[in-house]
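Here's the structure, in structure tokens; my notes come after.
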Amino acid sequence: MSCLGNIIWIIFGGFFNALGWFFTGCLWSITIVGIPIGLQCFKMARLQLAPFGKEVVTRDDSSVSLLLNILWIIFGGFALCISNLISAFFLCITIVGIPFAAQSLKLAKLSLMPFGKEII
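Per our numbering, numbering of the sequence shown is gapless, rising by one per residue and ending at 288.
As structure tokens, then:
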């Protein structure tokens, strides 16, 4: 079921949101200081392509993760969160789209605070 869900997810908007994560990661990776943030963006782009069957758990609650999350919200996370919320709104219109909207809401929450998280 998760394979079919991921295929449908890619067709109905997951690809475009993954492109947003990818381009944001490329922009962050231009500078040496931004490379760790860019790598996290690439991980989230991979999750954005196939969110079904995967779980996100908190791995690290250190002050460094908190600082990176605050910088992330200011410099890019808010726009990606809004794009996932818009996707969730349109997917929630039909009954068939509700599971996809739930995944989009999970990714919207992750778009605000991605650092210190691990994808299982």
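Heads up, the beta-carbon is just placed ideally off N, CA and C, and yes, glycines get one too.
Distances from the CA of serine 231 to each of Ile179, Met281, Leu172 and Ile176 were compared; the closest alpha carbon is that of Met281. Between glutamate 286 and the set Asn185, Ser197 and Leu207, the nearest pair of CA atoms involves Leu207. In the same chain as alanine 276, and ignoring 5 residues on each side of it, the C-beta atoms closer than 7 Å to its own belong to Cys249, Asn252, Leu253 and Ala256, in chain order. Bridge pairing for threonine 226: Lys285 [DSSP].
Annotated three-state conformation of isoleucine 263 is coil, per DSSP.
Here the alpha carbon of isoleucine 261 sits roughly 34 Å from the alpha carbon of arginine 227. Glycine 244 carries a helical assignment under DSSP once its states are collapsed to helix, strand and coil. Taking the Cβ atoms as the reference, leucine 273 lies roughly 12 Å from valine 224, outside the contact range of under 8 Å. Here phenylalanine 210 is actually not in contact with phenylalanine 268; their C-beta atoms are around 23 Å apart, not less than 8 Å.
Isoleucine 200 and leucine 239 have their alpha carbons spaced roughly 16 Å apart. By the C-beta density criterion, alanine 247 is exposed, having fewer than 16 other C-beta atoms within 10 angstroms.
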